[in-house]
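Basically the numbering used here = 1-based index in the sequence shown + 1152.
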Amino acid sequence: MHATLGTSWGRTWLRRLGLACSGVVFFYSVMVLMQVAWMGTIGVRCLFGTDVEEEVPADFLWSPTGNVEGGAKETDAAPAAEAVVDRPHIGDALLSIGPIVLRQGSYSDYIQALRGLSDQVGRTVKVTWKDSRSQEIHAAQAVVRYPPTRSYVLSGVWFLQELLIFGVGARVFWKRPGDVSALLFFVLCLVTVGAYMGGYHWTEIVVRPALIYPFVFFALLVPVVNLHFFLVFPRRNPVLLRHRLRVLIVLYGIPVLFLAAIWGSMFMSHWFRLYDSGVRTMAAERVIRGLALWYIAFATLIFVLCIPCLFLSHRRARTRAEKNQVKWILLASLIASVLIGYLLWQACHDTANLGRDSAAWPMAGVSLLYSIAYAFSITRYKLMQVEEII
């Protein structure tokens, strides 16, 4: 690999590949923002099922139509009198959205229903649901609208901010494509942008296979590329020097296996929904959910390994500039571990927290910490000798 990187042909090929990948990630990010900004929505959000996970925002218009079948209840345990509910609440189970009937717990049915709202903006659709407390079936008319600006403005601001670091990484890579640390930093910028843009809006882009499949790819690569970069920067880690092939096989082999399994399960879930029973569809959805949770555990382990790796790099740094470069990244990692720990603590209590808006703020904080750390390292301590290039 190093011999290939060192040839003129290899450097030209890498530059072209890097330019193409940059275009793909930029196009992907813009498409995510366009999807979120111009999709139709009624304000309900479900995660891996049909139970409502967040309250419908007050600026979404819902009008009550009365209880279905004269207020018939599925059980006799509900109170005899209850206030009319004009919109579903957390824990309620959606039964239908427009013409789409949602089978109990079928996330694929929910996705199909959301997909059908895109051409219904400005119109009303009938929604039915089962109240989690009274077990009574309710119905309402919901106005389909575009998402509020607040749902995507933060990710747009972050995208512009991240482009600054990305621009520096791309410039360094363009000038030194044969430098492994420059290559990895550039790749890290690419997958981080793709993973964050998709991850911040995954509950919206899940209706578009062309957007959700690349997100899975980006998200699985972020932790391992991050660790790989720390293993070579500012100097190669002794473990990587002694066991390079084994480390890389484990580091990238596990994500590749997870990627194949998750993509395969996603495809089978879609196929079962079209051509087979709902039981198999929901079984495939449970597999996807299980794989995602297992990979989160693996990614957590990778992040934990990054910290001692940075400590060792700080100790082995040969110059004061190298020490300061690593110091800021290490400090960002230590602070970020608190935010990541908080997010994992929330997920342990309820895995649905991973898809709620409350999960976006810790991850935005983590991203901001690393952006600041890289900015300090680049501007004050000449990260990767960037001043010689820019």
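C-beta atoms are modelled at their ideal positions from N, C-alpha and C, and glycine is treated no differently.
Note that the structure is a prediction, hence the values are computed from the model and not measured.
Separation of residue j from residue i, as counted between CA atoms
i       : j       : result
Gly1442 : Ala1435 : 11 Å
Ile1524 : Gly1192 : 36 Å
Tyr1526 : Cys1341 : 11 Å
Trp1480 : Phe1450 : 25 Å
Leu1495 : Pro1375 : 16 Å
Trp1513 : Leu1306 : 10 Å
Leu1411 : Tyr1262 : 24 Å
Thr1301 : Val1399 : 44 Å
Leu1379 : Trp1446 : 18 Å
Val1176 : Ala1488 : 28 Å
Phe1242 : Val1279 : Reading off the sequence, residue 1242 comes out as Ile, not Phe. Rounded to whole angstroms, Ile1242 to Val1279 spans 15 Å at the Cα level.
Ala1371 : Thr1471 : 34 Å
Arg1328 : Ala1469 : 22 Å
Glu1288 : Ala1294 : 19 Å
Leu1383 : Thr1164 : 26 Å
Gly1330 : Gly1321 : 14 Å
Val1431 : Ala1444 : 20 Å
Tyr1522 : Val1277 : 44 Å
Ala1229 : Gln1272 : Caution is warranted here: a pLDDT of 38 is assigned to Ala1229, below 50, making its placement in the model unreliable, and the coordinate value is therefore given only provisionally. C-alpha separation (whole angstroms): 37 Å.
Val1237 : Pro1209 : Because the pLDDT of Val1237 is 48, which lies under 50, any placement of that residue in the model is unreliable, and the question is left without a value.
Leu1392 : Val1324 : 23 Å
Ile1492 : Ser1160 : 42 Å
Leu1419 : Thr1433 : Checking the sequence shown, residue 1419 turns out to be Phe, not Leu. Approximately 10 Å between the Cα atoms of the pair.
Leu1482 : His1290 : 53 Å
Leu1453 : Gly1346 : 22 Å
Leu1409 : Phe1528 : 36 Å
Trp1415 : Trp1354 : 15 Å
Val1548 : Arg1239 : Any question about residue 1548 goes unanswered here, given that the chain covers just 1153 to 1542.
Strand pairing of residue i, partner residues [DSSP]
i       : result
Ala1294 : Trp1214 and Val1277
Ile1524 : In DSSP, Ile1524 forms no bridge with anything.
Asp1203 : Ala1245
Thr1193 : Arg1297
Cys1198 : Val1204
Ile1481 : Partner(s): none; Ile1481 has no beta bridge.
Val1253 : Ser1248
Lys1282 : Ala1245 and Ile1289
Residue environment, residue i, which counts as buried when at least 16 other CB atoms sit within 10 Å
i       : result
Pro1407 : buried
Trp1310 : buried
Leu1336 : buried
Ala1334 : buried
Phe1179 : exposed
Ile1401 : exposed
Val1490 : exposed
Thr1202 : buried
Arg1425 : buried
Tyr1259 : buried
Arg1285 : exposed
Ala1265 : buried
Ala1172 : exposed
Val1343 : buried
Arg1197 : buried
Glu1207 : exposed
Val1182 : exposed
Cys1500 : exposed
Rounded distance between the beta-carbons of residue j and residue i, thought under 8 Å
i       : j       : result
Val1184 : Leu1363 : 6 Å
Glu1437 : Phe1200 : 6 Å
Val1188 : Tyr1304 : 4 Å
Asp1244 : Asp1211 : Not a contact, Cβ separation roughly 20 Å.
Arg1275 : Val1296 : 6 Å
Pro1216 : Ala1292 : 5 Å
Leu1247 : Trp1281 : 6 Å
Gln1350 : Pro1366 : The sequence shown places Gly at residue 1350, not Gln. Yes, Gly1350 and Pro1366 are in contact; Cβ-Cβ is about 7 Å, under 8 Å.
CB contact below 7 Å: residue i versus chain D
i       : result
Ala1473 : Structure shown: chain D not included; a single protein chain is present.
Self-check item: beta strand (DSSP E) runs contained entirely in the region 1421–1452, provided each spans 3 or more residues
Solution: Those beta strand (DSSP E) runs which fall completely within the region 1421–1452 and span 3+ residues do not exist here.
Quiz item: Taking only runs of the alpha helix (DSSP H) that begin and end inside the region 1360–1399, which ones reach a length of at least 4 residues, in chain order?
Solution: With a minimum length of 4 residues, the continuous alpha helix (DSSP H) runs that stay inside the region 1360–1399 are 1361–1384 and 1390–1394.
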